[in-house]
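Engineer: First the structure, which I've put down as structure tokens, then a few questions once you've had a look.
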Amino acid sequence: MTKQVVTRFAPSPTGDLHIGGARTALFNWLYARGRGGKFLLRIEDTDRERYTPAAAAAIITGLQWLGLDWDGDAVSQFEQRARHAAVAHEMLGRGTAYKCFSTQDEIAAFRADKEAAGASYAVFLSPWRDAAPASYPEAPYVIRMKAPRVGETVIADQVQGRVIIRNDTLDDMVVLRSDGTPTYMLAVVVDDHDMGVTHVIRGDDHLNNAARQQMVYDAMGWDIPVWAHIPLIHGPDGKKLSKRHGATAVGDYQLQGYPAAGMRNYLSRLGWSHGDDEFFTSAQAMEWFDFPGIGRAPARLDFKKLENICGQHIAVTENAALLRELTLFLTVSGHLPLTEIQRDRLERGLYCVKDRAKTFAELIDKAEFMLASRPIVADDSAAIMLDPVSRGILRDLTPRLQTAQWTKDALEVILADVAAKYGIGFGKLAAPLRAALAGRTVTPSVYDMMLVIGQAETISRIRDAAA
RNA sequence: GGCCCGUUCGUCUAUCGGUUAGGACAUCUGGUUUUCAACCAGGCAAGAGGGGUUCGACUCCCCUACGGGCUGCCA
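Numbering (the working numbering), first residue to last: 2 to 468.
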């Protein structure tokens, strides 16, 4: 047996959980969960200037909503800073890193000179790389990796293949800042190693970084993890995803009523495929997910397809579960919580709307007839008796009207609703609508009439036609 | 500028040297429908361009174009 798979998602808490980040998390989650491995979460909060607790919380809630559960507690990278510094100093001792006393101004001047001289690249070459400790000044310093100047570094990537980077394009990256804090390049490697991460699945914007990070693994004699650099998601126009493309935070999708299962399905299918399978559960995705199925080109977001997939997921969701999600959606999106009666009606009537809504928002919209309060009738018990929605729903095995009497009763209430909602006179409506319905060979279903309630246009058309 | 990655219908993609280049979403047409939705039938639509390699290239190699990324004491 090979050792257990350990993946991780390591977002930097500088804003909401981005849709692209969510997909990266999803891929890691699928890979680990599909192999009985572990999926860890680490918050890359070493940049204290940009760090906000709110952003970290947003990432947590975003992942929770998507159903991407991680093992153990979320690790704070910042809290590992002492360990990072220790590793930096250990490399110093091993001679694989060195103290650099160059100031920012000196570095900038170095680059400016190179540029002025028409140099093809501006990799900073520190004068302190091979300086004798005796010559060290009493000044702040950073710790830099002593990167190889010749040869090449090979990244064996599961998605991109063998990527070869010339070492002379790699600089002596800073691993420990002058204030003693670690840089990202050091922190990721140390944390991934300490957390036992075996597979690093991340955006391909890190592909070049992998070469730099391998230096640290090598310097410490650690095993290099399996790399898998996945292409980023782009907006519908093919450009890098940004605010102007609309919703980019997963929270936005939750607010718009997209089901998490549909999001997982769509997002996993974006840049990854398993033959012609389009609609599947997360359990299937876990079983199927693997690196060969991942594409190498960035994929564009297609909201229409997202909606379609989400609609399919809503349609197959069990009522109890659907109701739970609907309830959550309602509270999150600022709607009033359902009353006992509304909840009951919704549950019984779900069957007639669940397969025609693409989002929870649309489902609620279509279910308005169930949630709207019934018209006030003199006698309360009579109102309940006359309510065709409740009656029809109670008998959902036979949703079609069975008797003329029932149809008549139903009509009266519906017409009252319509009249109240659209300000159309009750009397003017009753006759034409009744006629329209009676003209059919098939008895109109409760559902048909429910829809009539929600459609003023139809009402007026029927009215006009009959006038 | 340098380095790295990418490029099949509008979109997501299948294909892993030999196919009428398949599917899905979108779109269009027809059917069904008292409306919407749903559903049924059908249509349109693709290998960026140029060179090779090969009996044969979407598939392998090179160049160009375009897109993206990296090139920080950001992550």
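C-beta atoms are modelled at their ideal positions from N, C-alpha and C, and glycine is treated no differently. In this text, all values refer to a predicted model and were calculated from it rather than measured experimentally.
Per the contact definition of three or more C-beta pairs closer than 8 Å, is the region 93-104 in contact with the region 133-150?
Structural biologist: They touch, by the three-pair rule.
Engineer: Under 7 Å Cβ to Cβ from glutamine 255, same chain only, skipping five residues before and after it: list those, please.
Structural biologist: If you number the first sequence from 1, residue 255 lands on position 254. Trp66, Val333, listed in sequence order.
Engineer: Would DSSP call histidine 207 helix, strand or coil?
Structural biologist: As a working note, residue 207 is residue 206 in the first sequence. Note: histidine 207 maps to helix in three-state DSSP.
Engineer: Phenylalanine 10 bridges to which residues according to DSSP?
Structural biologist: Position 9 of the first sequence, counted from the start, is the residue given in the question as residue 10. Beta-bridge pairing links phenylalanine 10 to Leu42.
Engineer: Taking the beta strand (DSSP E) that lysine 240 belongs to, which residues open and close that run?
Structural biologist: Within the first sequence, the letter at position 239 stands for residue 240. Run containing lysine 240: none; DSSP gives neither H nor E here.
Engineer: May I have the straight-line CA-CA distance separating alanine 58 from glycine 252, to the nearest angstrom?
Structural biologist: Looking up residue 58 in the first sequence gives position 57. Looking up residue 252 in the first sequence gives position 251. Rounded to the nearest angstrom, the two C-alpha atoms are 12 Å apart.
Engineer: Got a sec, what are the start and stop residues for the beta strand (DSSP E) isoleucine 144 sits in?
Structural biologist: In the first sequence, the residue the question calls residue 144 occupies position 143. Residues 143-146.
Engineer: Assuming leucine 233 and proline 299 form a contact by the criterion Cβ under 8 Å, report the distance between their Cβ atoms to the nearest whole angstrom.
Structural biologist: Looking up residue 233 in the first sequence gives position 232. Looking up residue 299 in the first sequence gives position 298. The Cβ separation is near 5 Å, so the contact holds.
Engineer: Give the secondary structure of valine 198 by DSSP, where H, G and I count as helix, E and B as strand, and everything else as coil.
Structural biologist: Taking the first residue of the first sequence as 1, we reach residue 198 at position 197. Note: valine 198 maps to coil in three-state DSSP.
Engineer: Are the beta-carbon atoms of methionine 186 and valine 176 separated by less than 8 Å?
Structural biologist: Counting from one through the first sequence, the residue named residue 186 turns up at place 185. Counting from one through the first sequence, the residue named residue 176 turns up at place 175. The answer is yes: Cβ separation under 8 Å.
Engineer: Counting along the chain, where does the beta strand (DSSP E) carrying glycine 162 start and finish?
Structural biologist: Here residue 162 corresponds to residue number 161 of the first sequence, with the count starting at 1. First-last of the beta strand (DSSP E) with glycine 162: 162-167.
Engineer: What number of angstroms, rounded off, separates the C-alpha of histidine 194 from the C-alpha of tryptophan 289?
Structural biologist: The count along the first sequence starts at 1 and reaches residue 194 at position 193. The count along the first sequence starts at 1 and reaches residue 289 at position 288. For histidine 194 and tryptophan 289, the distance between alpha carbons rounds to 27 Å.
Engineer: Check whether the region 275-289 touches the region 22-37, taking contact to mean three or more Cβ pairs, one atom from each stretch, closer than 8 Å.
Structural biologist: Verdict: yes, contact present.
Engineer: What does tryptophan 228 pair with, by DSSP beta-bridge criteria?
Structural biologist: In the first sequence, counting from the first residue as 1, residue 228 sits at position 227. Answer is Asp158, Val201.
Engineer: Give the range of the beta strand (DSSP E) segment to which tyrosine 99 is assigned.
Structural biologist: Residue 99 sits at position 98 when you count from the first residue of the first sequence. Its beta strand (DSSP E) spans residues 98-101.
Engineer: Using the C-alpha atoms, what's the distance from alanine 211 back to threonine 184?
Structural biologist: Within the first sequence, residue 184 is the residue found at index 183, counting from 1. Within the first sequence, residue 211 is the residue found at index 210, counting from 1. Taking the straight line from one Cα to the other gives about 14 Å.
Engineer: Taking the alpha-carbon of alanine 11 as reference, which of Ile20, Gln5, Thr25 has the nearest alpha-carbon?
Structural biologist: Here residue 11 is taken as the residue at index 10 of the first sequence, counted from 1. Selected option, being the one with the closest Cα: Thr25.
Engineer: Start and end of the beta strand (DSSP E) containing leucine 268?
Structural biologist: Position 267 of the first sequence, counted from the start, is the residue given in the question as residue 268. From DSSP, leucine 268 is part of no beta strand (DSSP E) but of the alpha helix (DSSP H) over 261-270.
Engineer: Classify serine 243: buried if its beta carbon has 16 or more other beta carbons within 10 angstroms, exposed otherwise.
Structural biologist: Reading the first sequence from its first residue, position 242 is the one you call residue 243. By the neighbour-count rule (16 or more Cβ atoms within 10 Å), serine 243 is not buried but exposed.
Engineer: Identify whether tryptophan 273 lies in helix, strand or coil by the three-state DSSP scheme.
Structural biologist: Taking the first sequence and counting its residues from 1, the one referred to as residue 273 is at position 272. Three-state result, tryptophan 273: strand.
Engineer: As a quick exercise: from Val191, Pro237, Val198, pick the residue whose alpha carbon is nearest that of alanine 220.
Structural biologist: One-based indexing of the first sequence puts residue 220 at position 219. Closest by alpha carbon: Val191.
Engineer: Quick one, which of Leu93, Leu302, Ile225 has its alpha-carbon nearest glycine 236's?
Structural biologist: Indexing the first sequence from 1 puts residue 236 at position 235. Glycine 236 has its Cα closest to that of Leu302, out of Leu93, Leu302, Ile225.
Engineer: Determine, using beta-carbon pairs with one atom in the region 254-270 and one in the region 37-50, whether at least three such pairs fall under 8 Å.
Structural biologist: In short, these stretches do not touch, since the Cβ pair count stays below three.
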